[in-house]
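Right, one structure below, let's go through it.
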Ligand code: PLP
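Numbering (the numbering used here), first residue to last: 2 to 388.
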């Protein structure tokens, strides 16, 4: 059987990983500035994580939600301390899309409404509801359409007000920091106004922290910076450091009714153990503070590089625009410098490393970028001379 080939892949397979490094089969080492797409939060194969997950695997890897599972409460206590939402309730699932799907359903259950406000450039996942609030018709099947979704441009307060004046929304959904859109931050004024409009109209505010959460931005959740609270916060990616875990933090104003949500695997023992280990390492090693500090150092270093035209984001979630094609630059970083990065459109290189990334790693990345951009400039000029 062959794979259903939907992923454009690099022809490199990793056989070993440790902290911010991964190795291919030929023994070549790469600096991971991509974190397997923001999934590796506390570093590859972090020793305490590996020890706890393997011990749980040997004990009880999984049993269904039909039976008690004290690890779920243990994780809820870890999140209560870290998240700034001690009174919210926790629903555990498996992926970011599933978290958003459930958050949208809860908002609709609670308000009895259908329509949802979303933001231009948004990415919330590929399940039916999540894709409906994603601003990319190219990945939307005919089956996914027909939802009542109003998109507004990010940070356009007037259009936001006009949308609320003409619709009754179940929910407004927004990323803590937009990832796929090229690392774009909601401004504090926009978030404050969105919160106020939701309050006035009884709309549930969902903040999608699937990519920007788990300390990546330098705060546990990126929206903390704006001083607003969400009714529903969705999580995934970095929550399990590679073990699939997703979750929704739910305002106590929404009443849980038996059977209204459910999932076979969500909150299984292995997943909970992984999430607990991640939460404890983020706290004990002050990884939010590290992300903030190293992110600031990195931004300063990047801004000095000739050819870098913009740096967006915060903490260890950065988008770098340059005057060379992002695809060419990322290929040069990978092949010539052993540095793995992410993409976000034709002009942006996305940086999402493990949160253990140090200032020394930041220096290595900045030096590689400087050389790679300069070599592409030289190459382009020499082609120009010989053309
Ligand atoms: N929300 C955001 C902001 C994301 O970046 C992603 C994935 O990239 C998702 C949701 C979907 O998560 P998953 O792929 O785990 O379903």
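All C-beta atoms in this analysis are idealised placements derived from N, C-alpha and C, irrespective of residue type, glycine included.
These figures come from a predicted structure and were not determined experimentally.
- In the three-state reduction of the DSSP assignment, residue 192 falls in the helix class.
- The beta carbon of residue 330 sits closer than 7 angstroms to the beta carbons of 323, 350, 373, 374, 377 from its chain, once the five residues preceding and following it are set aside; these are given in chain order.
- Cβ atoms of residue 321 and residue 335 stay farther apart than 8 angstroms, at about 15 angstroms.
- When C-beta atoms of the region 196-216 are compared with those of the region 2-19, fewer than three pairs fall below 8 angstroms, so the two segments do not count as touching.
- Per DSSP, reduced to three states, the secondary structure at residue 268 is coil, with no helix or strand assignment.
- A Cβ-Cβ separation of about 7 angstroms places residue 278 in contact with residue 54 under the 8 angstroms criterion.
- Residue 177 is positioned such that its CB atom lies no closer than 8 angstroms to that of residue 108.
- Segment contact: the region 291-303 against the region 356-364, three or more CB-CB distances shorter than 8 angstroms; contact assigned.
- As computed with DSSP, residue 15 is found in a beta bridge with 25.
- Annotated three-state conformation of residue 35 is coil, per DSSP.
- Judged by their CB atoms, residue 289 and residue 219 are nearer to each other than the 8 angstroms cut-off.
- Taken in chain order, the complete alpha helix (DSSP H) segments of 4 or more residues contained in the region 318-361 are 327-338.
- Nearest neighbour of residue 153 by Cα position, chosen from 187, 115, 240, 262, turns out to be 187.
- Near the ligand PLP, meaning a Cβ closer than 5 angstroms to any of its heavy atoms, lie the following residues in chain order: 96, 97, 98, 125, 126, 176, 180, 209, 211, 212, 237.
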